[in-house]
Amino acid sequence: DKSGYKHFMAKEIWEQPTVLANALSAYLDGNTIDLPESLDFANTERLTLVACGTAYFACLTAKYWFETLAGIPVETDIASEFRYREPPIPAGTTALFVSQSGETADTLAALRFCRDRADRILSVVNVAESSIARESDIALPIHAGIEIGVASTKAFTCQLNVLYLLALKAAVDRGRMTPEDLAQALDDLRGLPGLFNAGLDRDVTIAEAARAVAESRDVLFLGRGLMYPLAHEGALKLKEISYIHAEAYASGELKHGPIALIDKTVPVVVMAPRDALFDKTVSNMHEVMARGGKVLLFTDAAGAAEAGADVWRTVTLPEVAPALTPLLYALPAQLLAYHAAVAKGTDVDQPRNLAKSVTVE
Ligand code: F6R
15 DKSGYKHFMA KEIWEQPTVL ANALSAYLDG NTIDLPESLD FANTERLTLV ACGTAYFACL
75 TAKYWFETLA GIPVETDIAS EFRYREPPIP AGTTALFVSQ SGETADTLAA LRFCRDRADR
135 ILSVVNVAES SIARESDIAL PIHAGIEIGV ASTKAFTCQL NVLYLLALKA AVDRGRMTPE
195 DLAQALDDLR GLPGLFNAGL DRDVTIAEAA RAVAESRDVL FLGRGLMYPL AHEGALKLKE
255 ISYIHAEAYA SGELKHGPIA LIDKTVPVVV MAPRDALFDK TVSNMHEVMA RGGKVLLFTD
315 AAGAAEAGAD VWRTVTLPEV APALTPLLYA LPAQLLAYHA AVAKGTDVDQ PRNLAKSVTV
375 E
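With the working numbering, letter number 61 in the sequence shown gets 75, and the count goes up by one each step, no holes.
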């Protein structure tokens with residue numbers, strides 16, 4: 015049932031404020047993160063995060079959180095590479111697998127490889143009875159509800175929600191976060207659904223930009239820090255459902271090659287909240303503009319004021335705690351892909367060649 019929406023993807027994008035609020039409350043007991051007793055990170059020496067596709071980009075985001083908040087070294091890998099490379103798994107490693115379906119063949123094989131090698135196996139899944147959940151020591155549900163659109167939207171933000179809570183828990187377990195800082199972080203999380211609603215109000219602006227982007231053959235996505243994994247997710251979403259060629263780069267990599275692609279036919283989506291890295295990204299953005307590139311900027315009011323007037327289009331999002339930008343900025347990336355696909359008349363919910371659950375290699 016699409017509840018009046020034209021596509022399941024639209025329904026799943028728009029229900030994120032409600033779904034995220036529920037997903038969060040499932041893990042909170044006042045200002046305590048309600049996770050299994052045995053899930054302690056005090057002695058974790060290393061984390062290995064493995065997944066495919068969108069779930070992999072959730073892992074890549076989580077790497078930044080676990081490293082900066084909890085000080086745990088993190089490796090991330092794509093399941094299809096990890097499983098055949100059979101990397102050494104040193105003692106003290108916790109392996110964590112992220113999968114919406116819980117049935118992705120490569121992710122499951124990677125988990126089985128870690129079975130007798132890692133200290134413990136965690137998973138972050140949407141389907142609680144899935145193979146990946148069953149074969150984990152601890153399976154943490156994301157509580158996104160069933161996701162029907164092939165392009166993952168609410169599952170991605172709900173994966174981020176659980177991964178961020180895990181990183182906070184790890185920071186507390188390792189004595190790197192005071193109860194006051196934790197309370198603040200949880201308050202920020204509780205504020206997210208409201209910010210998502212405000213973000214959804216930018217839909218008309220994003221749809222207009224998307225109609226222009228839909229005319230392009232290639233699109234680049236740029237971001238730094240926490241916006242780098244999200245740039246990948248934005249590019250994946252666009253190519254999956256609109257069939258427009260899209261690539262993501264870390265902003266700082268631009269001048270190491272990809273800048274050669276820039277001309278006036280290539281829209282460049284720049285994801286840049288006004289954070290500690292903003293000036294760096296803006297300088298990359300100006301390099302793009304100097305070569306005729308059309309910049310679509312996702313930022314906040316402070317960023318929009320500073321970025322200058324020559325940006326092709328700006329989507330101004332509400333201000334959000336820096337750690338939570340990947341959740342909020344996923345929204346305009348999803349909407350951009352959605353509206354570009356609608357403009358092109360592609361099958362939004364059932365894109366060609368793709369299956370919702372990839373149970374074969
Ligand atoms: C992208 C998408 C895929 C999946 C990937 C992993 O929108 O849906 O990239 O994220 O196939 O699937 P799960 O999470 O079920 O393991």
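Built from N, CA and C at the ideal position, the CB exists for glycine as well.
Excluding the 5 residues flanking it on each side, PRO31 has same chain C-beta neighbours closer than 6 Å at PRO207, PHE210, ASN211, in chain order. Collapsing the DSSP output to three states places ARG131 in coil. Shown here, HIS157 sits in coil according to DSSP, grouped into three states, outside any helix or strand. As computed with DSSP, SER113 is found in a beta bridge with VAL139. Short note on CYS66: C-beta closer than 7 Å to some heavy atom of the ligand F6R. Contact annotation: LYS358 and SER256 have beta-carbon atoms nearer than 8 Å.
According to the DSSP secondary-structure assignment, ALA264 is paired through a beta bridge with GLY237. Proximity to LYS251 across LEU310, VAL233, ASP120 peaks at VAL233, based on C-alpha coordinates.
The segment 134-145 and the segment 100-112 touch, with no fewer than 3 CB-CB distances between them shorter than 8 Å.
Between LEU338 and VAL296, the alpha-carbon positions lie close to 20 Å from each other.
Taking THR219 as the centre and dropping the five residues before and after it, the same chain places the C-beta of VAL329 closer than 7 Å to its C-beta, in chain order. Closest option to ALA245, judged by alpha-carbon separation, among LEU42, ALA72, PHE55: ALA72. As summarised for the segment 315-347, the continuous beta strand (DSSP E) elements at least 3 residues long and confined to that stretch are 327-331, given in chain order.
Residues of the same chain with a CB within less than 7 Å of the CB of GLY85, apart from the 5 flanking positions on each side, are ARG188, ARG190 in chain order. DSSP places PRO207 within a helical segment (H, G or I) once states are collapsed to three.
Taking 7 Å as the cut-off, the C-beta of GLN114 counts as close to a heavy atom of the ligand F6R.
Put simply, of HIS259, VAL280, GLN198, GLU143 the residue whose alpha carbon is nearest the alpha carbon of PRO336 is GLN198.
Secondary structure at THR192: coil, using DSSP grouped into helix, strand and coil. By the CB criterion at 8 Å, THR167 and MET285 fall outside the cutoff. The nearest non-hydrogen atom of the ligand F6R is 7 Å or more from the C-beta of VAL374. Non-local beta-carbon contacts of GLN348 in its own chain, meaning distances under 7 Å to residues more than five positions away in sequence, involve ILE27, THR167, LYS251 in chain order.
Counting only the Cα atoms, VAL302 lies some 42 Å from SER39.
Beta-carbon to beta-carbon, GLY116 and ASN140 are separated by about 7 Å, close enough to satisfy the 8 Å threshold. Look at ALA123: its beta carbon is at least 7 Å from all of the heavy atoms in the ligand F6R.
Around the beta carbon of HIS270, fewer than 16 other beta carbons lie within 10 angstroms, which makes this residue exposed. In the displayed model, ILE92 falls within a strand according to three-state DSSP. With respect to the C-alpha of SER94, the residue from ALA124, SER113, THR82 having the closest C-alpha is ALA124. For HIS259, the three-state secondary structure derived from DSSP is strand.
Distances from the CB of LYS253 to the heavy atoms of the ligand F6R are all 7 Å or more. DSSP places PRO272 in the helix class (H, G or I) of the three-state scheme.
Selection ARG204, VAL309, ALA264 evaluated against THR279 yields VAL309 as nearest (Cα-Cα). LEU34 places its beta carbon less than 8 Å from that of CYS172.
Taking the C-beta atoms as reference points, PHE312 is found nearer than 8 Å to PRO346.
Placement of the Cβ of LEU110 at a distance of 7 Å or more from every heavy atom of the ligand F6R is found.
Under DSSP, LEU214 shares a beta bridge with no residue.
The alpha-carbon of LEU83 is positioned some 11 Å away from that of LEU196.
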